[in-house]
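A.B. asks: Okay, here's the structure, questions in a sec.
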Amino acid sequence: MALLEIKDLTLRFGGLCAVNALSLEIEDGSIRSLIGPNGAGKTCVFNCLTGFYKPSDGEMLFQGQSLVNKKPHYITFLGMARTFQNLRLFKEMTVLENVMSGMHCRTNAAFFTTVLRTKSQKAEEKHIREVSEECLDFVGILDKKNHMARNLPYGDQRRVEWARALATQPKLLLLDEPAAGLNKDEKSKLIELMHRIRDDRKITIFLIEHDMGLVMKVSEKIFVIDYGVKIAEGTAKEVRDNPKVVEAYLGKEEEEESA
Amino acid sequence: MALHEVLLQQLFNGLLIGSFYGLVAIGYSMVYGIIKLLNFAHGDIYMIGAFSGLIFLTIAAPVIGAGWPSLILGLLISMTLVGLLGVVIQRVAYRPMLKAPRLSILITALAVSMILYNTVMIISAGRYRVFPAEVGTESFFIGTLRLTETRIILIVAAFSLMFILHMFITRTMYGKAMRAIALDRDTCQLMGIDVYKIIAITFFVGSALAAAAGIMAGVYYGTIHFFMGFLIGLKAFTAAVIGGIGIIPGAMLGGLLLGLLEAFGTQIPFIGTVWKDVFSFAFLILFLIFKPNGLLGRSESERM
Amino acid sequence: MAENKKKPKLTTPLESIIESLFRFFDNKVYRYTALFAASGFLLILPSLSSRFTQEIMTNLFFYVVVCLGLNIIIGYAGLLHLGYAAFFAVGAYTTGIMSSRFGIDFWLTLPFSVVAAVLAGLAIGFPTLRLRGDYLAIVTLGFGEITRLTIRNLDITGGAVGLIGIQRPVFFGITLNQISHFYYMFFILAILAIFVSYRLHDSRMGRAWEYIREDEDAAAAMGINVTTSRLYAFIIGSSFGAVAGSFFAAKMTAISPDSFMFIHSVMFLMAVVLGGMGKIPGVVLGCIIVVLIPEISRDIGQYRLLIFAFMLLIIMLYRPQGIWPDRPTISAKE
Chain L
1378 MALLEIKDLT LRFGGLCAVN ALSLEIEDGS IRSLIGPNGA GKTCVFNCLT
1428 GFYKPSDGEM LFQGQSLVNK KPHYITFLGM ARTFQNLRLF KEMTVLENVM
1478 SGMHCRTNAA FFTTVLRTKS QKAEEKHIRE VSEECLDFVG ILDKKNHMAR
1528 NLPYGDQRRV EWARALATQP KLLLLDEPAA GLNKDEKSKL IELMHRIRDD
1578 RKITIFLIEH DMGLVMKVSE KIFVIDYGVK IAEGTAKEVR DNPKVVEAYL
1628 GKEEEEESA
Chain U
730 MALHEVLLQQ LFNGLLIGSF YGLVAIGYSM VYGIIKLLNF AHGDIYMIGA
780 FSGLIFLTIA APVIGAGWPS LILGLLISMT LVGLLGVVIQ RVAYRPMLKA
830 PRLSILITAL AVSMILYNTV MIISAGRYRV FPAEVGTESF FIGTLRLTET
880 RIILIVAAFS LMFILHMFIT RTMYGKAMRA IALDRDTCQL MGIDVYKIIA
930 ITFFVGSALA AAAGIMAGVY YGTIHFFMGF LIGLKAFTAA VIGGIGIIPG
980 AMLGGLLLGL LEAFGTQIPF IGTVWKDVFS FAFLILFLIF KPNGLLGRSE
1030 SERM
Chain W
443 MAENKKKPKL TTPLESIIES LFRFFDNKVY RYTALFAASG FLLILPSLSS
493 RFTQEIMTNL FFYVVVCLGL NIIIGYAGLL HLGYAAFFAV GAYTTGIMSS
543 RFGIDFWLTL PFSVVAAVLA GLAIGFPTLR LRGDYLAIVT LGFGEITRLT
593 IRNLDITGGA VGLIGIQRPV FFGITLNQIS HFYYMFFILA ILAIFVSYRL
643 HDSRMGRAWE YIREDEDAAA AMGINVTTSR LYAFIIGSSF GAVAGSFFAA
693 KMTAISPDSF MFIHSVMFLM AVVLGGMGKI PGVVLGCIIV VLIPEISRDI
743 GQYRLLIFAF MLLIIMLYRP QGIWPDRPTI SAKE
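Protein chains in written order, with my numbering: chain L, 1378 to 1636; chain U, 730 to 1033; chain W, 443 to 776.
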């Protein structure tokens, strides 16, 4: 059974159809990409999956469980974490505190244990800290844990977002344009990081990306959508050779390939 | 009186009170529409309007009397002055806060409200003041409907102001710019619209209309008080929400509906005048919970 | 813009003084010595001072309890609550009615007072916390007025006159009826309130509030239940108010609707914001300002609120984080 199964997902805003009868499957342990021209509805798919938008129609199954009408925090609890296209860090908090937010849904200290500072509460706080530091170490910025998030360079802020998502201990990680704004060096590190996330942590990855080179390198299978409709799926080569894809990106008349 | 006669009378009363609510609600709605600020001080602007009318009449009465001509003059002068006060408040207190967190600007608005009403409280020694307009109080009947000349003039004046505003919003460049800014402030700035000027005009218009409502309320009730803005501020906000906050015709409609609701509400034996305000507040809360976008508002996108 | 203002410049003498103060109190020994000295002074104060001073200090402690409760709602969770006096009234009237009408012992009324506040908090919070923040402000304001008007109109609450004959609490055989008794009682309550606030702030729950305040969507995406977290803040904050209200009723032995007006909610709000919302020393400082300034100069009288309102405006415009200083170094260290 696939880890994530989307069946006929449709999202309408007024008369506009942002996602139209989209179906796809993500197998456990894979890296999958969703590509498409600007405004094709890619982020809308993510927002539906993570509960930020309510789909107009269709079904989304995560480990066999429906995600329709579930709230974002519950979906995260089920094991699906995301990053945002424009960084959404808690800017006025430290890097470590940012990552600790991910552990919230895996812990449960409430009012009385907190006020009495019981043994279990102390142990839990320690656990939160350790896991968060481990995640920071994994993405390679443990040395910056006490910095204010807003003071980090852009590339490092991205890493904080990944660490934060990893701290929720997901089974599936949704990355919304993870390479946007990164330089060449950072991009190659990102590819390596994604492979490590999948291989060492056994986390499935589903990403949206504009950088074709990166997508082709990292993902075993690619889905292409345009105007909310899936127009192709397959390996990097299959997709690249698909005339519909070329048409969506370059327009109908032009046949020549661009790198 | 037979039931339908009572209802007819209450219909008229409701429309009159409702038009005051509407005039104040417009200011709330315009400001909310353009800078997303819940202007707590707006009710106090209405109160300041009433007091500036009182001051004008007190000065003018020995010279030109306190009848309709001097009332109209007083109305225009007060509207201008209070409108300018609104602009000054906007410039000093709100403009520096436009990019601050929402909580901060709300507290700022609350502070402005406190400053306004405490100032008037000190000046007026916290007492009720008689509004010195000398206008007709004799009543006459149309059928069984009891009316006074004053009430008819007030209701006509209120509706005329709403009509003028409607023309201003729909027919002028300023109105167009206001609506554009409400949609996207940053883009407007890029398009060369003087955003701050339009915001200032919005405050001027909103405050002037509230001042007009304040003076009319002074004429209608006969006495004014430094705390009169608190309750009407809340009710006008309710009216703005009923119509869909940010939508100007909605504010007028909401004001009239709320006025009618209250007028008829006092006729329900269980509610009566004692529970009247509880009834209004409860209505406000229920409305906010169940229909936060108002009657004319479009529901927000399907975001959960 | 805001970003630039917060950039630290360690140049002014004031900032270096603040920094050295913070450094000084980083040392645990110094910090606890100072705390013990201050508590010791406050403990022996009643035997040194007049009734009048004790009365003012009791009022200050009372404010600290109430405002720390409100601080959980406004400062921690970022929800503008304009009807806090209502929750305070719920506590005071629960104790008042049970004590004066049914002769129930004060201490037994306390749990009921908390339960009543929790129920009221749930009733108002549950449907409204998913609304936009500024709507919440109006709803709480309306709720505050409804509560006051209802108290005024009902028989069981004694209408506009209020309740009289609320029994004094008995503590280990001693009837608490001296001002010094209440001084100590509110002192203990204030210490408890500070303690609970500290523990909450530095915890999983406190962090969740901070995440939500910073970015609601990101917090939700990290698995934080925004509505529930806010509801917690609302309930805990309301309970603080209710407990303070119960003790207030016991101290006064008579309560009337006039003690729970909108203006009281505003005074609490001012105390929270002036010192620095979200910061415990800031809130305590705010309470000192709001309680002591009118006492220092009796002439201020009617100008009191006007002065506070101007202070509030100036604080919001020039120092939204309140009077209590921020540590200047946190971001300068890198």
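Glycine included, C-beta positions come from ideal geometry on N, C-alpha and C.
Is the beta carbon of L:Asp1553 sitting closer than 7 Å to the one on L:Thr1453?
C.D. replies: No, the Cβ-Cβ distance between L:Asp1553 and L:Thr1453 is not below 7 Å.
A.B. asks: Under 7 Å, Cβ to Cβ, is there at least one residue of chain U near W:Pro762?
C.D. replies: Judged by the 7 Å Cβ criterion, W:Pro762 is in contact with chain U.
A.B. asks: Taking U:Val817 as the query, report the chain W residues whose CB atoms sit under 9 Å from its CB, ordered along the chain.
C.D. replies: None at all; the shortest Cβ gap to chain W is about 13 Å.
A.B. asks: U:Gly815 and U:Phe932 look like a contact to me (Cβ under 8 Å); what is the Cβ gap, rounded to whole Å?
C.D. replies: Yes, they are in contact, since the Cβ atoms of U:Gly815 and U:Phe932 sit about 4 Å apart, within 8 Å.
A.B. asks: Using a Cβ-Cβ cut-off of less than 9 Å, list which residues of the stretch 813-840 of chain U approach chain W; keep chain order.
C.D. replies: Those would be Val821, Ala822, Pro825, Met826, Lys828, Ala829, Pro830, Arg831, Leu832, Ser833, Ile834, Leu835, Ile836, Thr837, Leu839, Ala840, in chain order.
A.B. asks: Just to confirm my understanding: we take W:Leu652, look at its own chain, exclude 5 residues before and 5 after, and list those with CB closer than 8 Å. What are they?
C.D. replies: Per the sequence shown, the amino acid found at residue 652 of chain W is Glu instead of Leu. Correct list, in chain order: Tyr518.
A.B. asks: Tell me the rounded alpha-carbon separation between W:Tyr760 and W:Met753.
C.D. replies: Spanning the two alpha carbons is a distance of roughly 10 Å.
A.B. asks: Quick one: Cα of L:Glu1510 to Cα of L:Met1470, how far?
C.D. replies: About 15 Å.
A.B. asks: Going by DSSP, what residue range makes up the beta strand (DSSP E) through L:Glu1382?
C.D. replies: Run containing L:Glu1382: 1381-1390, per the beta strand (DSSP E) assignment.
A.B. asks: Could you check which residue in L:Gly1611, L:Leu1551, L:Val1492, L:Asp1618 has the C-alpha nearest to that of L:Leu1380?
C.D. replies: Minimum Cα distance to L:Leu1380 is reached at L:Leu1551.
A.B. asks: Is L:Glu1436 helix, strand or coil by DSSP?
C.D. replies: L:Glu1436 falls in the strand class under three-state DSSP.
A.B. asks: From U:Leu800, U:Ile852, U:Thr952, U:Ile881, pick the residue whose C-alpha is nearest to that of U:Ser868; which is it?
C.D. replies: Among U:Leu800, U:Ile852, U:Thr952, U:Ile881, the Cα nearest to that of U:Ser868 is on U:Ile881.
A.B. asks: If you drop the 5 nearest sequence neighbours on each side, which residues of the same chain put their C-beta closer than 6 Å to that of U:Phe897?
C.D. replies: Result list for U:Phe897: Gly904, in chain order.
A.B. asks: Could you give the distance in angstroms between the alpha-carbon of W:Asn667 and the alpha-carbon of W:Leu521?
C.D. replies: Straight-line Cα distance between these residues: approximately 16 Å.
A.B. asks: Taking a Cβ distance cut-off of 9 Å, strictly less, list which residues of the stretch 1420-1438 of chain L are near chain W, in chain order.
C.D. replies: If the cut-off is 9 Å between Cβ atoms, the stretch 1420-1438 of chain L has Thr1427, Gly1428, Phe1429 near chain W.
A.B. asks: Run through chain U and tell me which residues come within less than 7 Å of W:Pro699, C-beta to C-beta.
C.D. replies: Simply none; closest approach about 13 Å.
A.B. asks: Can you find at least 3 beta carbon pairs, one from the stretch 854-862 of chain U and one from the stretch 1615-1629 of chain L, that sit closer than 8 Å?
C.D. replies: Judged by Cβ distances under 8 Å, the stretch 854-862 of chain U makes no contact with the stretch 1615-1629 of chain L, as fewer than three pairs qualify.
A.B. asks: Establish whether the CB of U:Val753 and some CB of chain W are separated by less than 7 Å.
C.D. replies: Not one chain W Cβ lies under 7 Å of U:Val753.
A.B. asks: What residues in the stretch 659-674 of chain W have a beta carbon less than 8 Å from any beta carbon of chain L?
C.D. replies: For the stretch 659-674 of chain W, which is checked against every Cβ of chain L, the residues closer than 8 Å are Asp659, Ala660, Ala661, Ala662, Ala663, Met664, Gly665, Ile666, Asn667, Val668, Tyr674.
A.B. asks: If we ignore side chains and look at the alpha-carbon of each, how far apart do U:Ala770 and W:Leu618 end up?
C.D. replies: Going from the Cα of U:Ala770 to the Cα of W:Leu618 covers about 44 Å.
A.B. asks: Measure the C-alpha to C-alpha separation of W:Arg543 and W:Asn501 and round it to an integer number of angstroms.
C.D. replies: So the two alpha carbons sit approximately 26 Å from each other.
A.B. asks: List, in order along the chain, the chain W residues whose C-beta lies closer than 8 Å to that of U:Leu1017?
C.D. replies: Residues of chain W passing the Cβ test: Thr570, Leu573, Tyr577, Ile580, Val581.
A.B. asks: Assign W:Tyr674 to buried or exposed, taking buried as 16 or more other Cβ atoms, counted over all protein chains shown, within 10 Å of its Cβ.
C.D. replies: Under this definition W:Tyr674 is a buried residue.
A.B. asks: What three-state label does DSSP hand W:Gly728 in the structure shown?
C.D. replies: Helix at W:Gly728.
A.B. asks: What's the gap between the Cα of U:Leu1024 and the Cα of U:Ala754?
C.D. replies: When rounded, the distance between both Cα atoms is 15 Å.
A.B. asks: So L:Leu1426 and L:Lys1419 are supposed to be a Cβ contact under 8 Å. How far apart are they, rounded?
C.D. replies: At roughly 11 Å, the Cβ-Cβ gap does not stay under 8 Å, so L:Leu1426 and L:Lys1419 are not in contact.
A.B. asks: DSSP state of U:Glu729, grouped into three classes?
C.D. replies: Only positions 730 to 1033 of chain U appear in this structure, which leaves residue 729 of chain U out of reach.
A.B. asks: Curious, which full-length alpha helix (DSSP H) runs of at least 4 residues does the stretch 504-564 of chain W contain?
C.D. replies: Fully enclosed alpha helix (DSSP H) runs of 4 or longer: 526-544.
A.B. asks: Could you tell me the alpha carbon to alpha carbon distance between L:Val1492 and L:Glu1474, rounded to whole angstroms?
C.D. replies: If you take the alpha carbons of L:Val1492 and L:Glu1474, they lie about 20 Å apart.
A.B. asks: Would L:His1450 pass as an interface residue toward chain W - the criterion being a Cβ-Cβ separation below 7 Å?
C.D. replies: Cβ-Cβ to chain W under 7 Å: yes for L:His1450.
A.B. asks: Could you tell me whether the stretch 732-751 of chain W touches the stretch 824-836 of chain U, where touching means 3 or more Cβ pairs closer than 8 Å?
C.D. replies: Touching, no.
A.B. asks: Roughly how many angstroms lie between the CA atoms of U:Phe959 and U:Ser842, to the nearest whole one?
C.D. replies: So the two alpha carbons sit approximately 9 Å from each other.
A.B. asks: Excluding the 5 residues flanking U:Met826 on each side, which residues of the same chain have their C-beta closer than 7 Å to its C-beta?
C.D. replies: Here the set comprises Ser833, Ile834, Thr837.
A.B. asks: Going by the CB atoms, is the gap between L:Ala1609 and L:Lys1621 shorter than 7 Å?
C.D. replies: Going by C-beta atoms, L:Lys1621 is nearer than 7 Å to L:Ala1609.
A.B. asks: U:Phe892 by DSSP, collapsed to three states: which one?
C.D. replies: Reduced to three states, the DSSP call for U:Phe892 is helix.
A.B. asks: Who are the neighbours of W:Asp657 on chain L, taking C-beta pairs under 7 Å?
C.D. replies: Chain L residues near W:Asp657: Arg1465, Phe1467.
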